[in-house]
Amino acid sequence: MNLTADTIKEILIKGGYVSPEDLNKAETVAKARHTTVLEYLFSQELLTKELWGQAIAESFDVPYADIEATPPPKEQVLKLPETLAQKFHAVLFKDDAKQCVVATDDPEQSPALKQALKEALPNKKCTIAFSLPEQIQGALVHYRKTLETRFVAILKEQQRVAPEIIDEIIEDALSLRASDIHFEPQAKEVLIRFRVDGVLHEAGRIPKNYYENILNRIKVLARLRIDEHQSSQDGAMRYATNEHTVDMRVSVVPTLDGEKIVIRLLSTYLQGFTLADLGLSEADQERLNRSSKKPFGMILVTGPTGSGKTTTLYALIKILNRPEVNITTIEDPVEYHIAGINQIQVNPQTNLTFAKGLRAIVRQDPNIILVGEIRDQETAEISINAALTGHLLFSTFHANDAATAIPRLMDMGAEPFLMASTLELVIAQRLARKICEACRYSASIKQSSIKALLPQSEHYFGKKETINLYRGKGCDACHGTGYRGRTAIFEFIENTPEMQDLILKRPSSKDIQDLARRQGTISLFEDGIEKVKAGITTLEELLRVSNPPRSLYDRKKAHG
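In our numbering, the protein residues as written are 348 to 907.
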């Protein structure tokens, strides 16, 4: 079901979900930012996905089925024949003795679907409901057999083995919302693993004698050399089906048992991403918005690989993307394509490095520059000078926390007086798994049990005997893990006048941290604790990605 822009407008206005004034503004801004009306409404929180689903359902005069909020169990979903479910994109949402509710993402096909349901469920009265396409697709995953079973079937047929196995693996990875696919050759077989919400899971195994064809096909798709086996190679490819078009980064490296492949899936979910979706508190959003509206200066996002730094900067770039603003990026690689932004790909073969690309960008009359990563002294110096000469510059930087980033830049050769003048904000972040909303429950836990994990528990939770925390039971929606999706935890250090004076003295990270805490900075761990208390993540997950501050009394000492 494809809705035109006019139909979307009619649905929202007729149902009173959005005012005509807000909709007119959304159309104007969406056109200027090269995005859609719905994306703008979602980003400004003028409309939610749930309300949008209800609006469509109302326009078709059918109920709305929120599969994400109330996921039907696997055994219930499988009661509908697979051919029927796939043909009509239908899911058995509710099932009682004499009646049922079947959700579809295309209510226009209701007459044909009702006839098919009469034959499949002859003794039940079925009501047709609407559900969003992504929710239907997520529930239909239950019909997919295990990778191992599908591999066996493909190998028996002996036809197009490599393409079919690759398709099955990628489809599974997409359905599980994996960020990476690992092909790991071993002595007799190849292990397939998916990274889902930051954690690796085994997905299946294939006999090693079929791996060479799979490897060569991936190399061809990624435009890599198939005759090169002793050095690492990097490439990119695009995977397209009726439901998905996904860009992928491909890395191949030689190991003792053969060439290992890692495919990074670059999700399109960023299109509707907002600062609130990242996990930023209202105070942090205000801080970030305030710094990003200045005419020049530098905003750095720090953290290890895979901590969401690029996503944070792109969410910010999308907000600032207006017709009157020239935004140019230089990245390695370009991960997300955004209309209206000039994006440059680093290319060592043509000697287009971060430093040389950045020198050229400064001559392109930019307002905002995004440097994918500051890796060396030359890039650091050019970035700082660009921020000093009237440009707003965003970049990522590898450092353990926000306070460490400043001394590290000085070690690279950045002059303290230039940093004091240009640096606006340093952000540190990590990604933590979110508790699955479908199976989240609260439990009273004894303080003594929490102390076994966190000796300083009383500092964070008070001296109560029992503490109410949240967990995930594990369900079909989260594949039994209790977690679904990720959120970020943050630490912000602003370059206040006092911080500028301190930077001129070449301070240590401890000096910077102490001043920042006196000025009210919340550490990564403390931000995470707030998300634990709010039921967004668990204490175990927080401890997996972050450590408590150096001492229980850091804040007290900092405040004297």
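Just so you know, even glycine gets a beta-carbon here, dropped at the ideal spot from N, CA and C.
If we ignore side chains and look at the alpha-carbon of each, how far apart do residue i and residue j end up?
{"i": "I674", "j": "E682", "result": "16 angstroms"}
{"i": "D858", "j": "I646", "result": "20 angstroms"}
{"i": "T383", "j": "A662", "result": "15 angstroms"}
{"i": "I358", "j": "I403", "result": "7 angstroms"}
{"i": "I512", "j": "S406", "result": "41 angstroms"}
{"i": "E629", "j": "L622", "result": "9 angstroms"}
{"i": "L849", "j": "T602", "result": "48 angstroms"}
{"i": "T649", "j": "P670", "result": "29 angstroms"}
{"i": "M584", "j": "T592", "result": "11 angstroms"}
{"i": "Y788", "j": "H576", "result": "50 angstroms"}
{"i": "F808", "j": "I836", "result": "18 angstroms"}
{"i": "I840", "j": "I797", "result": "30 angstroms"}
{"i": "L398", "j": "L385", "result": "12 angstroms"}
{"i": "E518", "j": "D452", "result": "20 angstroms"}
{"i": "T659", "j": "L625", "result": "7 angstroms"}
{"i": "R540", "j": "I608", "result": "11 angstroms"}
{"i": "L457", "j": "K378", "result": "The sequence given here has Ser at residue 457, not Leu. The alpha-carbon atoms of S457 and K378 are separated by roughly 34 angstroms."}
{"i": "E334", "j": "G760", "result": "Look at the range of the chain in this structure, 348 to 907, and you will see that residue 334 is not part of it."}
{"i": "N698", "j": "M757", "result": "26 angstroms"}
Helix or strand or just coil, what does DSSP make of residue i?
{"i": "A450", "result": "strand"}
{"i": "N371", "result": "helix"}
{"i": "K492", "result": "coil"}
{"i": "A416", "result": "coil"}
{"i": "D442", "result": "strand"}
{"i": "R572", "result": "coil"}
{"i": "I358", "result": "helix"}
{"i": "R902", "result": "Confidence in R902 is poor, its pLDDT being 47 and thus under 50, which makes the residue's placement unreliable; the coordinate value appears in the next sentence. Reduced to three states, the DSSP call for R902 is helix."}
{"i": "T813", "result": "strand"}
{"i": "L699", "result": "strand"}
{"i": "P410", "result": "coil"}
{"i": "Q505", "result": "coil"}
{"i": "N732", "result": "helix"}
{"i": "N689", "result": "strand"}
{"i": "R637", "result": "helix"}
{"i": "R524", "result": "coil"}
{"i": "A437", "result": "strand"}
{"i": "Y683", "result": "coil"}
For residue i and residue j, which I take to be in contact (beta-carbon distance under 8 angstroms), what is that distance rounded to the nearest angstrom?
{"i": "P754", "j": "S855", "result": "6 angstroms"}
{"i": "F872", "j": "P895", "result": "5 angstroms"}
{"i": "L439", "j": "P419", "result": "6 angstroms"}
{"i": "I715", "j": "L667", "result": "6 angstroms"}
{"i": "R491", "j": "S522", "result": "7 angstroms"}
{"i": "Y411", "j": "Q401", "result": "5 angstroms"}
{"i": "V449", "j": "L425", "result": "Contact doesn't hold; Cβ gap of about 14 angstroms is too wide."}
To which residues does DSSP link residue i through a beta bridge?
{"i": "R777", "result": "I836"}
{"i": "D581", "result": "S598"}
{"i": "M645", "result": "L740, L770"}
{"i": "H529", "result": "R540, V609"}
{"i": "V593", "result": "Y586"}
{"i": "Y788", "result": "R818"}
{"i": "L717", "result": "T676, F741"}
{"i": "I343", "result": "No answer is possible for residue 343: the residues shown for the chain start at 348 and end at 907."}
{"i": "V546", "result": "V543"}
Do residue i and residue j have their C-beta atoms closer together than 8 angstroms?
{"i": "D594", "j": "L613", "result": "yes"}
{"i": "G746", "j": "G875", "result": "Going by the sequence as given, residue 746 is Ala instead of Gly. No, they are not a contact pair."}
{"i": "A767", "j": "L851", "result": "yes"}
{"i": "A989", "j": "E838", "result": "Lying outside 348 to 907, the shown extent of the chain, residue 989 is not represented and no answer is given."}
{"i": "L705", "j": "I685", "result": "no"}
{"i": "S742", "j": "E720", "result": "yes"}
{"i": "E606", "j": "L562", "result": "yes"}
{"i": "L460", "j": "I475", "result": "yes"}
{"i": "K781", "j": "R831", "result": "yes"}
{"i": "K421", "j": "Q446", "result": "no"}
{"i": "G551", "j": "F498", "result": "yes"}
{"i": "K396", "j": "L479", "result": "yes"}
{"i": "F764", "j": "A752", "result": "no"}
{"i": "L739", "j": "G644", "result": "yes"}
{"i": "V508", "j": "N560", "result": "yes"}
{"i": "L370", "j": "K356", "result": "yes"}
{"i": "T828", "j": "I883", "result": "no"}
Check whether the Cβ of residue i sits closer than 7 angstroms to any heavy atom of the ligand GTP, and report yes or no.
{"i": "E495", "result": "Of the ligands one can find in the structure shown there are none, so the ligand GTP has no counterpart to examine."}
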